[in-house]
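Residue numbers (our numbering): 15 to 343.
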């Protein structure tokens with residue numbers, strides 16, 4: 015009749031020193047005889063890994079704590095086969111924010127997803143290293159070199175580690191802010207329209223480098239920069255209760271002031287120097303600066319109008335102010 019192959023478990027206390035949990039003890043008399051193969055040609059997990067670890071000369075077995083119940087079975091198999099015992103370290107499980115075991119029902123947490131969304135490799139490594147481990151102080155940002163020096167199995171905690179995406183976002187943002195303008199422009203290319211010039215990307219990424227959590231966000235934040243014409247509701251141009259008439263006057267004033275600024279003076283500092291006093295004269299700076307921001311970006315929230323105008327250049331800035339004036343009319 016069809017049958018399986020079992021390993022007779024000797025009733026004894028199996029004790030091993032876990033590198034994370036310290037001394038661990040099992041009474042194998044409570045486990046029962048273990049199935050090691052379906053038949054003579056189909057070995058099962060516990061038997062296979064014992065053979066594989068021996069053949070591969072494995073010295074350390076580092077795995078999740080859900081495997082700890084397999085360890086005494088494998089140790090007895092090693093003893094029966096006269097194999098050396100490797101060191102064992104059973105890591106805490108990675109938990110979702112509801113503190114249940116992380117699984118597919120909590121969403122896609124694959125490396126492919128992280129790459130697609132614009133998480134930097136070094137940020138992901140940094141984040142993963144901190145899942146269940148810390149250096150013993152408040153530091154959270156580590157280079158791969160410093161992790162290599164400081165990481166130790168002995169400092170891994172026993173409790174489950176919560177997979178907190180907000181923490182990953184923060185770490186990734188920290189790495190993004192450390193990139194040079196040129197590096198960030200190159201990294202952002204896959205998320206922007208094909209064919210855009212690197213120098214143009216550099217102009218716009220610098221506007222948002224301080225607020226980016228992941229590279230994919232640049233697509234939505236900077237779409238205004240590469241658009242030929244902006245599409246937005248004219249009501250967005252109106253500051254609070256200013257009304258269409260005052261908004262139109264503000265845009266006409268902006269067009270006149272900006273037209274008189276020379277190309278060599280087209281910097282955010284000079285633009286601010288010229289426009290801020292004019293905005294202050296209105297008694298409410300938003301009357302002048304809000305329509306400018308919306309005219310240039312078509313967005314309610316964006317980088318400052320002076321920075322955006324500098325990045326767009328004089329010609330494109332004037333063109334968008336004129337288009338906004340026509341829209342409000």
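The beta carbon of each residue, even a glycine, is placed where N, CA and C say it ideally should be.
CA-CA distance, residue 136 to residue 155, rounds to 10 Å.
In the same chain as residue 84, and ignoring 5 residues on each side of it, the C-beta atoms closer than 7 Å to its own belong to 60, in chain order. In this structure, residue 42 lies near residue 26, with their beta-carbon atoms less than 7 Å apart.
With respect to the C-alpha of residue 88, the residue from 40, 331, 117 having the closest C-alpha is 40. As computed with DSSP, residue 103 is found in a beta bridge with 76.
Contact between residue 246 and residue 312 holds, since their C-beta atoms are separated by about 4 Å, short of 8 Å. Contact check for residue 302 against residue 241 fails: the beta carbons are separated by 7 Å or more. Residue 215 sits in a helix when the DSSP states are folded into three classes. Annotated three-state conformation of residue 41 is strand, per DSSP.
Just so you know, the alpha carbons of residue 177 and residue 296 end up roughly 50 Å apart. Taking C-beta atoms under 8 Å as the contact rule, residue 238 and residue 282 fail to qualify, at a distance of about 17 Å. In this structure residue 335 touches residue 269 by the C-beta definition: roughly 5 Å separates them, less than 8 Å. Distance from the CA atom of residue 75 to the CA atom of residue 102, rounded to whole angstroms, is 5 Å. Distance from residue 251 to residue 261 at the Cβ level is roughly 5 Å; contact confirmed, criterion being Cβ atoms closer than 8 Å. Each residue's CA atom was taken as its position, placing residue 98 and residue 162 some 28 Å apart.
In terms of Cα proximity to residue 17, the closest of 160, 258, 172, 55 is 55. Under the three-state reduction of DSSP output, residue 184 falls in the helix class. Under DSSP, residue 48 forms a beta bridge with 21. Burial state of residue 309 is buried, judged by a 10 Å Cβ sphere holding 16 or more other Cβ atoms. Of the candidates 228, 219, 57, 188, the residue whose Cα lies closest to the Cα of residue 127 is 228. Going by C-alpha positions, residue 224 is about 12 Å away from residue 194. For residue 335, there is no enclosing beta strand (DSSP E); the residue is part of the alpha helix (DSSP H) that begins and ends at 328-342.
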